[in-house]
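Residue numbers (numbering that gives the first Met the number 0), protein chains in the order written: chain A, 0 to 478; chain B, 0 to 403; chain C, 0 to 171.
The beta-carbon is built from N, C-alpha and C at its ideal position, and this holds for glycine as well.
To start, the structure itself, in structure tokens.
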Amino acid sequence: MTTTDLLSVFPLLILILWACLVLLLDVFLKRERLTTILTAIGLVVTLGFSISQNNLNLTGFNNMVVVDNFAVYLNIIFLGSGLLAISLAHDYLKRMGINRGEFYVLLMFSISGMMLMAIAADLIVFFLALELLSIPLYVLAAFARPRVESEEAGMKYFLLGAFSGGFVVYGIALVFGATATTNLSGIAARIAEHQADIPLLTIGAALILVGFSFKVAVVPFQMWTPDVYHGAPSAVTAFMAIGAKAAGFAALMRIFVAALPTLSEQITPIIWVLAALTMIVGNIVAVAQSNIKRMLAYSSIAHAGYILMALVSYGQSSVASVSVSAALFYLLSYAVTNFGAWAVVIAVEKAEGKGLALDDYAGIGRKYPALAAAMAIFMLSFTGVPPTLGFVGKFYLFRAVIDGGYIGLAVIGVLTSLISAFYYLRVVVIMYMRDGEPEVRSEPWLNLTTAFTAIATIVLSIFSAPILQWASQAILSTF
Amino acid sequence: MSDPINLIANWLQGLLLGLGLSVGLTKIILSFVGAVVVATIGMLTVIFLIWLERKIAGRIQDRLGPNRAGPYGLLQPFADVIKILTKEYTTPDGADVVVYNIAPIMAVASVLLIWAVIPFASTVVGTNLNVGVLYIMAVGAFGLLSILMAGLSSNNKFALLGAFRSVAQLISYEIPMVVSLLMPVIFARSMGLVDIVEAQMPWFIILSPLAALIFIIASMAEVNRAPFDLMEAESEIVAGFHIEYSGMKFGMFYVGEFLHVFTVGALVATLFLGGWRGPWAEQYPILGLIYFYIKTFVGYFIVAWVRLTVPRIRIDQMLDFNWKFLTPLSLVLLIITAVLDRVLVLVNSERWVYSLVMFLANILIIWATVEVLKKTTSKPKRKEFPMRPVAMAPETSTSTEPSS
Amino acid sequence: MTTELILFFSLALIAIITGLGLLISKNAIYAALYLVLNFFTIAIFYLLLGGAFIAMAQVSVYAGAIMVLFLFVIMILGAEKLGKSNTVAWQRPVAIILSIILLIEAGYVLFWRTAPVQAAQTLPDGFGGPASIGNVLLNNYLLPFEITSVLLLVAMIGAIVLTHKQKTDKEV
Chain A
0 MTTTDLLSVF PLLILILWAC LVLLLDVFLK RERLTTILTA IGLVVTLGFS ISQNNLNLTG
60 FNNMVVVDNF AVYLNIIFLG SGLLAISLAH DYLKRMGINR GEFYVLLMFS ISGMMLMAIA
120 ADLIVFFLAL ELLSIPLYVL AAFARPRVES EEAGMKYFLL GAFSGGFVVY GIALVFGATA
180 TTNLSGIAAR IAEHQADIPL LTIGAALILV GFSFKVAVVP FQMWTPDVYH GAPSAVTAFM
240 AIGAKAAGFA ALMRIFVAAL PTLSEQITPI IWVLAALTMI VGNIVAVAQS NIKRMLAYSS
300 IAHAGYILMA LVSYGQSSVA SVSVSAALFY LLSYAVTNFG AWAVVIAVEK AEGKGLALDD
360 YAGIGRKYPA LAAAMAIFML SFTGVPPTLG FVGKFYLFRA VIDGGYIGLA VIGVLTSLIS
420 AFYYLRVVVI MYMRDGEPEV RSEPWLNLTT AFTAIATIVL SIFSAPILQW ASQAILSTF
Chain B
0 MSDPINLIAN WLQGLLLGLG LSVGLTKIIL SFVGAVVVAT IGMLTVIFLI WLERKIAGRI
60 QDRLGPNRAG PYGLLQPFAD VIKILTKEYT TPDGADVVVY NIAPIMAVAS VLLIWAVIPF
120 ASTVVGTNLN VGVLYIMAVG AFGLLSILMA GLSSNNKFAL LGAFRSVAQL ISYEIPMVVS
180 LLMPVIFARS MGLVDIVEAQ MPWFIILSPL AALIFIIASM AEVNRAPFDL MEAESEIVAG
240 FHIEYSGMKF GMFYVGEFLH VFTVGALVAT LFLGGWRGPW AEQYPILGLI YFYIKTFVGY
300 FIVAWVRLTV PRIRIDQMLD FNWKFLTPLS LVLLIITAVL DRVLVLVNSE RWVYSLVMFL
360 ANILIIWATV EVLKKTTSKP KRKEFPMRPV AMAPETSTST EPSS
Chain C
0 MTTELILFFS LALIAIITGL GLLISKNAIY AALYLVLNFF TIAIFYLLLG GAFIAMAQVS
60 VYAGAIMVLF LFVIMILGAE KLGKSNTVAW QRPVAIILSI ILLIEAGYVL FWRTAPVQAA
120 QTLPDGFGGP ASIGNVLLNN YLLPFEITSV LLLVAMIGAI VLTHKQKTDK EV
């Protein structure tokens, strides 16, 4: 192990060690608050180290990890969403009577898995990262046990997660069979030398695509999403919706854009169909939902479809980097908006799964105008209405897709966005137009999160240029 | 005549080749013959061991032990064998016949398999496997499996309970056992038993007495000997997993257990007591064989001694002892040994310095453990139970045993 | 060479039979025991390929630890006998189609592969031994190795979190 190796995984190392430390300290600390603070400190410190890796461009451990700006960008998203998840969870856990220190430890381990996913450049590391980020999430989904919905969520997520992990492993095995290496740079080199068995490689790549599609909830691999998002504690769901999705897309982008661009002829049609299906099914089924958590679950499926659009043109080297940065930007915009929306959901939610129906939002506009305004902003951002972050994200995304020459897909995207307007705006309508006696929990950290994300959604959309600049620098290092 | 075993093997090889057999076939036949010989010697040793153990038991418990059949009762085990052979085989109703019948065979086979890799003398070894230590663990798994199969197939609740206990015990104690096995591997820089024996200058029990101790304790649990014979605790579950077996089928389990204890002795001798090493053992391999057997009997005697002295422990104590004491201790020992080894090799220390440092480190760990135990273990509080009337209506009577 | 071929084919036959037995047998314990036998045969394949370490690890980990725990669970649940098979109507035809596709894929790999077949190489000294495996594991694959240890730790914490009864604020 050299210094470069150590440097390349340094933030990850800090986070894992910190998680172990918190796990140990949690036993002795009498006050739960301290665990929360310690976790936040750990995440902030790791965030600092992650940012310091910007423009470093390291490879380590025999090309098993690559730290490029792409990885740094994603790591910042992961750590940021971890911090937001803590601020959401802090009060929520107490309210739900599931305040245990392991929550934070598992959260940190899950984030470390995601960070590993972002820097991975070897299929073995991808698989390990997938498991490392998933296993804590399985447990976190079932964290509200013995509540039946939560246990069901954990069980379903675990079974389908294990199932999809099988796809990934089988795909990796076939790719290894075709190229005799698991290293992405090695795979790229073997393909370039015409040493690879292309049909076998295609099957393997398709299986890897399927495996990660489960993780990011792409139709037809989305069955678990509504139940898991609904059953898991809301703070976990918020984190899961961002973290797991971003990590899954990180892996897909890294594997396909960096190592398998030559396979685009075979893979692109598959991704095209998946993206189209995901957008259509996610948005149409979301219309029928009456539970806010399930609605957001279907919305997250739909958004996975939008992000997947960016991957369609991955084979065209001129467009690939633009679409990757568009996807990264979209991930950020989705993360900010999503956390805001979940913060509102948590504010309205009551114990034992009450306060989750859309009807429970009636009258919020009258009684809690600030909260309603924030929720309206998030819903508009989800829809993609200016001036919100969601609009900017969709704009760049559609532009990248059109640049790639997939106008049909872009049209589907726009049309499904119109459908999505129906159910997103319904929430706004219910909040403002209907009378009700809503009860909302007011808690400083929750309010802060809501306010922060709401302001960010507006402000960042106006000053999106520097972020986009940042995202466009976050290109993958190619092999 | 210094190496009669190889002499016979060479003669046999010459004979078979003279008959016109191919080299490969000769090799296979010789391996088979070797296996049969080792297995037979093992089985015969068991007959002797049964007598020996009963004699030792007699002495320790202030009795005479068997003394009627033959001189010093030497023929007693033969009488027992004949008796057991003539007994009727019973198969319980609803038993899973195939599994039920395979189990006792596997119990013996799993032990005999270990003998394949043990070097008996400098020139006599079944096969020099470079992962011998791992092999021992691997075939040990079949013993566990045989107990499980017996318990499952007997269609008997007590057998099932015994099998439950065995799984909990054997799986748990495998961990400190494996970890303690790593100490000889570190010292010898090889997993092969032949290399481990050859590297023993001085014996590894001097380099790491603690590892030897942990290995013996864990092995005692692995062979289900008192104080760890919970899975056949007579007062609790009658006879455990082999409750339904009779005749030679039971005999196989019995033989397997004795042979396993003897094998543990052989492993202790091989891994920690220098195996066949001794004065002139390299020039005269037959001497090595004798040394090896003497050391094996020392190991065997220790296990028998403990068995006859220490009472059976409870199941929760058994698990606590492993998970809260033996496993952490063995891990600490492993880490310290590995780090020390690295440091000592880096500074190119002499062999005697290396041995001394290792020995002192072990002593230090033992001392520290004892101190920690003294500090932390609270004296078991004598629980006061409320007085109860002697006679009590049956529906209100509860168990008087303290639940813990 | 011929002895090795005989050994290979007889073991292959055992492996296939035990694999089928695992699938077909109605008794969960038999299925588990078939699986043990299957693992054991595959371990011998590893031995034939010169991977003694992998073979032993396979036996002690799979046949030893995992299958024993498997049997343990079967015993505790009392799930020896499978109930009426509860299959979906279209499950069988789909399974047949999928297995045919898999067979075609395997056949393709065997017979029509495009990449050049590499000649068998003589194994380097100490190949597959503990020392070489340790070297590879702690040099080339250090990161996956360490991450695996973290993964196991996480799984352990997760199992404890999910099963351990702990007093929470609102426990009734």
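Between Ile15 of chain A and Val149 of chain C, the C-beta gap is smaller than 8 Å, which places the two residues in contact.
Within chain A, no C-beta atom comes less than 9 Å from the C-beta of Ala56 of chain C; the nearest is roughly 17 Å away. Counting the other Cβ atoms within 10 Å of the Cβ of Ala367 of chain B gives fewer than 16, which makes it exposed.
Residues of the region 167-178 of chain B with a C-beta atom less than 7 Å from some C-beta of chain C are Ile170, listed in chain order. For Gly364 of chain A, there is no enclosing beta strand (DSSP E); the residue is part of the alpha helix (DSSP H) that begins and ends at Ile363 to Lys366.
Of the candidates B:Leu339, B:His259, B:Leu328 and B:Trp351, B:His259 places its Cα closest to the Cα of Val107 of chain B. From the beta-carbon of Ala14 of chain C, no residue of chain A is found nearer than 7 Å; the closest lies around 18 Å away. Taking C-beta atoms as the reference points, Trp341 of chain A and Thr178 of chain A fail to come closer than 8 Å.
Under the three-state reduction of DSSP output, Leu73 of chain B falls in the coil class, being neither helix nor strand. Flagged as an interface residue toward chain A: Val153 of chain C, by a C-beta distance shorter than 8 Å. Taken in chain order, the whole alpha helix (DSSP H) runs of length 4 or more contained in the region 280-349 of chain B are 284-308, 314-319 and 326-345. Identification of residues in the region 113-146 of chain B having a C-beta nearer than 8 Å to some C-beta of chain C yields Leu128, Asn129, Val130, Leu133, Tyr134, Met136, Ala137, Val138, Gly139, Ala140, Phe141, Leu143 and Leu144, given in sequence order. Just so you know, the alpha carbons of Glu148 of chain A and Val284 of chain A end up roughly 21 Å apart. Remark: fewer than three beta-carbon pairs, one from each stretch, lie closer than 8 Å, so the region 256-272 of chain A and the region 82-102 of chain A are not flagged as touching. For Val439 of chain A and Val344 of chain A, the gap between their C-alpha atoms comes out near 10 Å. Taking 7 Å as the Cβ-Cβ cut-off, the region 126-144 of chain C approaches chain B at Gly128 and Pro129, given in chain order. In this structure, the alpha-carbon of Tyr283 of chain B lies about 12 Å from that of Val123 of chain B. Inter-residue distance for Ile242 of chain B and Ala162 of chain B is about 11 Å (C-alpha atoms, whole angstroms). Burial check for Thr415 of chain A: the Cβ neighbour count within 10 Å reaches 16 or more, so the residue is buried. Counting C-beta atoms within 10 angstroms of its own C-beta, Arg53 of chain B has 16 or more neighbours from the protein chains shown and is therefore classed as buried. At least 8 Å separates the CB of Leu229 of chain B from every CB of chain C. For Glu130 of chain A, the nearest beta carbon of chain C is closer than 8 Å to its own beta carbon. As summarised for the region 322-380 of chain A, the continuous alpha helix (DSSP H) elements at least 4 residues long and confined to that stretch are 363-366, given in chain order. Put simply, the backbone Cα of Ala356 of chain A is about 59 Å away from that of Leu12 of chain C. With respect to Ala140 of chain B, Ala31 of chain C sits apart: the two C-beta atoms are not nearer than 8 Å. In the assembly as shown, Ala303 of chain B is a buried residue. Its beta-carbon has 16 or more other beta-carbons within 10 Å. Taking 8 Å as the cut-off, the beta carbon of Phe338 of chain A is found no closer than this to the beta carbon of Ile197 of chain A. Ranked by how close their Cα comes to the Cα of Val80 of chain B, the residues B:Leu111, B:Leu112 and B:Leu43 have B:Leu43 in first place. A contact between stretches requires three or more CB pairs, one per stretch, nearer than 8 Å, and the region 136-154 of chain B meets this requirement with the region 98-114 of chain B. Cβ neighbours of Ile401 of chain A within its own chain (closer than 7 Å, five residues either side excluded): Ala409. In the same chain as Gly383 of chain A, and ignoring 5 residues on each side of it, the C-beta atoms closer than 6 Å to its own belong to Gly389, Phe390, Lys393 and Ser416, in chain order. Using beta-carbon distances, Ala162 of chain B counts as an interface residue toward chain C, with a partner under 8 Å. Contact between the region 221-231 of chain A and the region 151-158 of chain A is present: three or more C-beta pairs spanning the two stretches fall below 8 Å. In the DSSP assignment, Ala119 of chain A forms a beta bridge with A:Val64.
The Cβ-Cβ distance between Asp359 of chain A and Pro437 of chain A falls below 8 Å. Val71 of chain A and Asn53 of chain A do touch by the CB rule: their CB atoms are close to 5 Å apart, below 8 Å.
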